[in-house]
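Chemist: This is the structure I want to talk about, given as structure tokens.
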Amino acid sequence: MAKSPTEVKHRVSGDWTISGVESQFGSLNDTLQELAADRCKAMQVDCAGIDAIDMSGLQLLHLWMEYAKAQGVGVQLVNLPDCMQQTVRQLGLGPCFSGNSPVEG
Amino acid sequence: MDIDVSRFNQLFFDECTEHLAEMERIFLGINPSDPDREELNALFRAAHSIKGGAGIFGFPDMVSVTHTIETLLDRVRHDEIALTSEMLNLFLQAGDVITMQLAGHRDGTMVDEQAIQSVCGELGAISANSLPALQPPRVDPVGRTGDSREAAAGSTYRIVFTPPPNLYTRMVRMEPIFADLATMGDFTLTARFAPHPEFPVYDPTRCLAHWEMILTTSCSAAEVVEIFMFVADEEEISIEQLPPVAMTAGRSSALAVDSPPVSHGKEAATTGATSGGLRGYDHATTHSTYGRRREEHVETTSIRVGVAKVDQLINQMGELVITQSMLAQSAKQLDPVQFENFHRSLSLLERTTRDLQESVMSIRMVPISFIFNRFQRLVHDLADSLGKRVELKLEGETTELDKGLIEQLADPLTHLVRNSLDHGIESPELRVTAGKPAVGVITLRASQQGGRIVVEVTDDGAGLNRERILDKAAQNGVPTSDSMSDEEVWQLIFTSGFSTADQVTNLSGRGVGMDVVQRNVTAMGGRVILTSTQGRGSRVFISLPLTLAILDGLLVRVGSETFIVPLNSIIESLQPRTAALNEVAPGQSTVHVRGNYLPLIRLGELFAIPEAVQRPEDAIVMLIDADGEQLALLVDELLGQHQVVIKSLETNYRKVAGTAGATILGDGQVALILDAVELVRLWRSQ
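Protein chains in written order, with numbering that gives the first Met the number 0: chain A, 0 to 104; chain B, 0 to 685.
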């Protein structure tokens with residue numbers, strides 16, 4: 000993760016389905032602690048590396064974002080892969096993930 | 000964490016097979032010019048159930064084909080397009096395709112992708128000819144469908160699904176469910192999350208989500224709720240009908256995020272809705288299938304048990320009967336007065352064992368409709384391919400017989416029906432010329448007669464041609480004579496390689512059929528009898544034992560050997576007077592009984608038992624019926640009636656002529672079970 004007092008960039012990748020959410024949770028938890036330690040104000044999360052995601056993974060991501068927001072850190076998801084965008088739509092999670100970018104130039 | 004749902008696949012396969020059979024039954028019987036509304040709904044529900052289950056269990060190929068059928072059926076039942084015979088034939092083919100896909104997933108068999116594409120393409124073309132081509136439903140970011148149905152005449156429902164925390168770990172996918180709902184009308188979907196604990200103590204496998212939906216549809220609330228049948232219990236779904244004015248309010252709240260979940264379960268409609276407003280499930284109209292539903296009706300008091308387990312139970316029951324018989328045999332030596340209580344207990348044991356045996360045997364008894372129903376499709380397709388018009392009549396479909404026999408009977412029956420279609424029933428033109436109705440009739444009839452099941456295949460076709468059969472037999476080198484009776488001539492067609500067909504068709508004519516039919520039926524302990532009238536039709540009788548497992552028989556002694564004679568073969572027993580006996584030839588005698596001279600079969604000579612009683616006047620003559628032919632058996636002594644467990648000689652030793660198997664008696668000895676017809680055949684051969 001690139002270090003900056005105001006904004007950081009973070010990459011998430013791998014399996015975000017029920018099979019992999021527990022290991023992803025651990026990684027996100029560590030990131031939150033680093034954010035708090037670095038007193039960041041904003042974080043850009045690059046989702047291009049996500050191989051697969053389901054409702055459990057989206058729930059995890061959403062709750063992580065909400066928690067970070069509660070800590071005063073704004074989170075933006077970028078480079079959402081097609082599979083993720085489709086799953087968001089199909090599960091009615093559009094409002095939860097609005098304001099995020101599918102692709103960032 | 001991985002959850003293996005594949006162990007539940009067999010449940011889906013079994014249910015899917017039942018749905019496919021039901022769909023085929025309705026497709027074959029429905030009137031395309033005036034289809035019954037309930038039958039159309041039943042077809043839709045069956046297709047919908049298959050699709051839902053396929054989606055849940057991860058068989059997207061089946062989802063795709065079933066979706067095509069379901070969509071067309073939905074349009075038919077909403078009177079958007081008319082049902083045609085062409086469509087029905089395509090539906091039947093589509094059902095075959097799904098069956099093939101099912102077999103592919105279940106058994107690993109090959110799947111013909113070209114056939115699948117072809118059927119789906121033709122179904123799609125039918126749909127496209129009436130309205131814009133069918134496309135898979137789309138759900139945009141706010142959950143609105145891309146192919147909204149005209150809902151002017153429909154109802155608007157607010158649906159809340161609050162799943163249990165283990166939704167994710169159950170590997171349930173909600174996408175197919177919401178996609179289904181989107182096809183039903185104007186659909187909006189919003190997911191919300193319940194208040195959650197601090198992130199560090201959050202359990203990522205626990206479902207905190209619930210979904211709120213607004214659906215405007217012409218479907219009933221029951222049909223909407225049915226969508227969730229595979230994933231939700233009753234208390235997890237709430238549905239209420241909204242009045243038109245409430246619909247707008249419902250939609251505007253759909254975009255709120257993280258508001259507290261709507262309390263589910265028992266909310267009443269806010270404006271005193273009509274009978275369409277419902278709470279929870281409508282038990283009167285929802286249907287029970289596999290999945291998470293509260294079940295109330297008789298169907299759900301059954302459980303599925305593997306055939307192997309039932310067979311094992313029957314085998315163990317048979318051993319129990321033998322052991323009980325041994326106990327009874329040993330107890331005969333005990334004084335009935337001194338050991339009165341013991342004898343009484345043994346009587347009770349015998350009664351209880353018999354009752355238990357009957358109960359266990361009844362588990363394997365299934366109605367013959369199990370195979371009869373397959374022939375509707377067979378006759379329909381074959382008559383179509385042959386350009387003939389044939390009506391299939393089924394009688395006695397509730398007649399029950401052993402499941403093992405049912406399965407073995409399928410092939411012989413299929414061949415007989417194919418023969419009737421191919422060689423028996425004439426073309427409509429020929430039939431009319433012969434003064435017959437253009438539509439031929441094939442009748443499958445089953446009945447219980449005594450201790451046997453009789454299955455008949457009858458047709459009103461051309462019947463057997465005696466001259467052609469005699470010519471063909473002569474060509475095959477089979478000795479014949481013009482003085483042979485019709486019955487003897489008909490028996491010639493059971494010769495291996497015999498066929499009088501002018502042409503070999505795909506169906507028959509290769510001459511490998513009737514002899515195999517007879518062999519298969521004989522192997523089941525049955526026999527085949529054929530009668531025919533030229534120009535009027537043929538009738539084939541298959542006589543089978545009720546069950547392969549037990550038999551009521553009379554123990555008889557011949558010399559030092561004990562035999563069992565099936566009770567249903569015995570007419571009467573008597574001790575003959577000398578005057579009633581006649582020697583017609585050296586070693587051949589008859590016995591005169593009430594005006595009939597019956598051939599006398601000496602079992603002692605037949606089975607080479609030298610110490611058997613020689614003079615009939617000193618022995619017992621049993622009059623037996625061997626499929627309509629009466630004969631007399633000479634035995635030394637009658638020992639008593641017993642119900643015995645049949646053990647296969649072929650399995651344990653080899654086929655023994657004149658017998659139907661063997662059994663173990665109470666004293667541990669093995670007794671051969673005689674077969675009347677086989678006995679006669681053996682006697683005649685000697």
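Beta carbons are placed, not taken as given, at the ideal position from N, Cα and C, and that holds for glycine.
Can you tell me the Cα-Cα spacing of residue 619(B) and residue 591(B), whole angstroms?
Modeler: Here residue 619(B) is taken as the residue at index 620 of the second sequence, counted from 1. Here residue 591(B) is taken as the residue at index 592 of the second sequence, counted from 1. Near 14 Å, if we compare the C-alpha coordinates of residue 591(B) and residue 619(B).
Chemist: Helix, strand or coil: which one does DSSP assign to residue 274(B)?
Modeler: Taking the first residue of the second sequence as 1, we reach residue 274(B) at position 275. Low confidence applies to residue 274(B): its pLDDT is 36, below 50, so where it sits in the model is not reliable enough to give any reading.
Chemist: Could you check if residue 20(A) is buried or exposed, using at least 16 other CB atoms within 10 Å of its CB as the buried criterion?
Modeler: Against the first sequence, residue 20(A) aligns to sequence position 21. So residue 20(A) counts as buried.
Chemist: By DSSP, does residue 169(B) sit in helix, in strand, or in coil?
Modeler: Here residue 169(B) corresponds to residue number 170 of the second sequence, with the count starting at 1. Looking at residue 169(B) - three-state DSSP - the assignment turns out to be coil, as it is neither helix nor strand.
Chemist: Helix, strand or coil for residue 402(B)? Go by DSSP, reduced to three states.
Modeler: Your numbering for residue 402(B) matches position 403 in the second sequence. Helix at residue 402(B).
Chemist: Does the region 46-58 of chain A come close enough to the region 8-18 of chain B that 3 or more CB-CB pairs lie under 8 Å?
Modeler: No, the region 8-18 of chain B does not touch the region 46-58 of chain A.
Chemist: Taking its Cβ as the centre, do 16 or more other Cβ atoms sit within 10 Å of residue 200(B), making it buried, or is it exposed?
Modeler: Here residue 200(B) refers to the residue found at position 201 when the second sequence is read from its first residue. By the neighbour-count rule (16 or more Cβ atoms within 10 Å), residue 200(B) is not buried but exposed.
Chemist: Less than 9 Å separating the beta-carbons of residue 237(B) and residue 184(B)?
Modeler: Here the question's residue 237(B) lines up with position 238 in the second sequence. Here the question's residue 184(B) lines up with position 185 in the second sequence. No, the pair does not count as a contact, with Cβ atoms beyond the cut-off.
Chemist: What residues in its chain sit with their C-beta under 8 Å from that of residue 59(A), if we drop five residues either side in the sequence?
Modeler: Along the first sequence, read from residue 1 onward, the residue named residue 59(A) stands at position 60. Counting only Cβ-Cβ distances below 8 Å, and skipping sequence neighbours, we find 15, 20, 23, 24 and 27.
Chemist: Would you mind giving the Cβ-Cβ distance between residue 454(B) and residue 541(B), rounded to the nearest angstrom? I have them listed as a contact below 8 Å.
Modeler: Working through the second sequence from its first residue, we reach residue 454(B) at position 455. Working through the second sequence from its first residue, we reach residue 541(B) at position 542. That belief holds up - the Cβ atoms of residue 454(B) and residue 541(B) are roughly 5 Å apart, short of 8 Å.
Chemist: Taking 9 Å as the threshold (beta carbon to beta carbon), is residue 195(B) in contact with chain A?
Modeler: Looking up residue 195(B) in the second sequence gives position 196. It does; some Cβ of chain A falls within 9 Å.
Chemist: Span of the alpha helix (DSSP H) holding residue 182(B)?
Modeler: Here residue 182(B) corresponds to residue number 183 of the second sequence, with the count starting at 1. Unbroken alpha helix (DSSP H) run through residue 182(B): 174-183.
Chemist: With distances taken Cα to Cα, identify the nearest neighbour of residue 154(B) among 191(B), 448(B), 219(B) and 610(B).
Modeler: The residue labelled residue 154(B) in the question sits at position 155 within the second sequence. Here the closest residue by C-alpha is 219(B).
Chemist: From this set, 432(B), 456(B) and 306(B), which residue's C-alpha is nearest residue 374(B)'s C-alpha?
Modeler: The count along the second sequence starts at 1 and reaches residue 374(B) at position 375. Here the closest residue by C-alpha is 456(B).
Chemist: Output yes if chain B places a C-beta closer than 9 Å to the C-beta of residue 42(A); else output no.
Modeler: Indexing the first sequence from 1 puts residue 42(A) at position 43. Answer no: the Cβ-Cβ gap between residue 42(A) and chain B never drops below 9 Å.
Chemist: Going by CA-CA distance only, name the one from 160(B), 91(B) and 303(B) that's closest to residue 232(B).
Modeler: Along the second sequence, one-based indexing puts residue 232(B) at 233. The option with the nearest alpha carbon to residue 232(B) is 160(B).
Chemist: Counting only beta-carbon separations shorter than 9 Å, does residue 83(A) have a partner in chain B?
Modeler: The residue given as residue 83(A) occupies position 84 in the first sequence. Not closer than 9 Å to any Cβ of chain B, the Cβ of residue 83(A) fails to qualify, so no.
Chemist: Assuming contact is defined by CB atoms lying nearer than 9 Å, are residue 640(B) and residue 551(B) in contact in what I supplied?
Modeler: Within the second sequence, the letter at position 641 stands for residue 640(B). Within the second sequence, the letter at position 552 stands for residue 551(B). Yes, the Cβ-Cβ distance between residue 640(B) and residue 551(B) is below 9 Å.
Chemist: Got a sec, what are the start and stop residues for the beta strand (DSSP E) residue 160(B) sits in?
Modeler: Within the second sequence, numbered from 1, the residue matching residue 160(B) stands at position 161. Segment 154-160, the beta strand (DSSP E) holding residue 160(B).
Chemist: Could you give the DSSP three-state label for residue 411(B): helix, strand or coil?
Modeler: For the purposes of this step, residue 411(B) is identified with residue 412 of the second sequence, where counting begins at 1. Here residue 411(B) sits in helix by DSSP.
Chemist: Beta-carbon of residue 156(B) versus every beta-carbon of chain A: anything under 9 Å?
Modeler: Numbered from 1 along the second sequence, position 157 holds the residue referred to as residue 156(B). No, no contact with chain A.
Chemist: Consult DSSP for residue 684(B) and reduce its assignment to one of helix, strand or coil.
Modeler: As a working note, residue 684(B) is residue 685 in the second sequence. Helix at residue 684(B).
Chemist: Counting only beta-carbon separations shorter than 9 Å, does residue 46(B) have a partner in chain A?
Modeler: On the second sequence, position 47 is the one that residue 46(B) refers to. No, residue 46(B) lies away from the interface with chain A (no Cβ there is under 9 Å from its Cβ).
Chemist: My output table needs one value for residue 146(B): the three-state DSSP class, helix, strand or coil.
Modeler: On the second sequence, position 147 is the one that residue 146(B) refers to. Here residue 146(B) scores only 39 on pLDDT, less than 50, and its place in the model is too uncertain to base an answer on.
Chemist: Please confirm whether residue 11(A) has its beta-carbon closer than 9 Å to some beta-carbon of chain B.
Modeler: Here the question's residue 11(A) lines up with position 12 in the first sequence. Not closer than 9 Å to any Cβ of chain B, the Cβ of residue 11(A) fails to qualify, so no.
Chemist: Please name the residue or residues paired with residue 558(B) in a DSSP beta bridge.
Modeler: What you label residue 558(B) is simply residue 559 of the second sequence in a count that begins at 1. According to DSSP, residue 558(B) bridges with nothing at all.
Chemist: Listing by chain order, which chain A residues have their CB less than 7 Å from the CB of residue 173(B)?
Modeler: Residue 173(B) sits at position 174 when you count from the first residue of the second sequence. What residue 173(B) touches in chain A: 54 and 90.
Chemist: Leaving out five residues on either side along the sequence, give the residues of the same chain with a beta carbon under 6 Å from the beta carbon of residue 81(A).
Modeler: The residue given as residue 81(A) occupies position 82 in the first sequence. Here the set comprises nothing.
Chemist: May I have the straight-line CA-CA distance separating residue 424(B) from residue 32(B), to the nearest angstrom?
Modeler: For the purposes of this step, residue 424(B) is taken as the residue at position 425 of the second sequence. For the purposes of this step, residue 32(B) is taken as the residue at position 33 of the second sequence. Going by the C-alpha atoms only, they are around 27 Å apart.
Chemist: Going by Cα to Cα distance, which pick from 65(A), 90(A) and 9(A) is closest to residue 190(B)?
Modeler: Counted from its first residue, the second sequence places residue 190(B) at position 191. Among 65(A), 90(A) and 9(A), the Cα nearest to that of residue 190(B) is on 90(A).
Chemist: Determine the closest residue to residue 181(B) out of 164(B), 213(B) and 341(B), with distance taken between C-alpha atoms.
Modeler: On the second sequence, residue 181(B) is found 182 positions in, with the first residue counted as 1. Residue 181(B) has its Cα closest to that of 213(B), out of 164(B), 213(B) and 341(B).
Chemist: Tell me, please, whether the CB atom of residue 33(A) is closer than 9 Å to any CB atom in chain B?
Modeler: Sequence index remark: in the first sequence, residue 33(A) carries index 34 (1-based). Chain B contact via Cβ: absent.
Chemist: For residue 534(B), which of helix, strand or coil comes out of DSSP?
Modeler: By 1-based counting over the second sequence, the position of residue 534(B) is 535. Three-state DSSP puts residue 534(B) in coil, outside helix and strand.
Chemist: Beta carbons nearer than 7 Å to chain B: which residues of the region 62-77 of chain A have them?
Modeler: Here the close residues are 62, 63 and 66.
Chemist: Please go through the region 48-85 of chain A and give each complete beta strand (DSSP E) segment of 3 or more residues, from N-terminal end onward.
Modeler: For the region 48-85 of chain A, whole beta strand (DSSP E) runs of length 3 or above, ordered along the chain, are 73-77.
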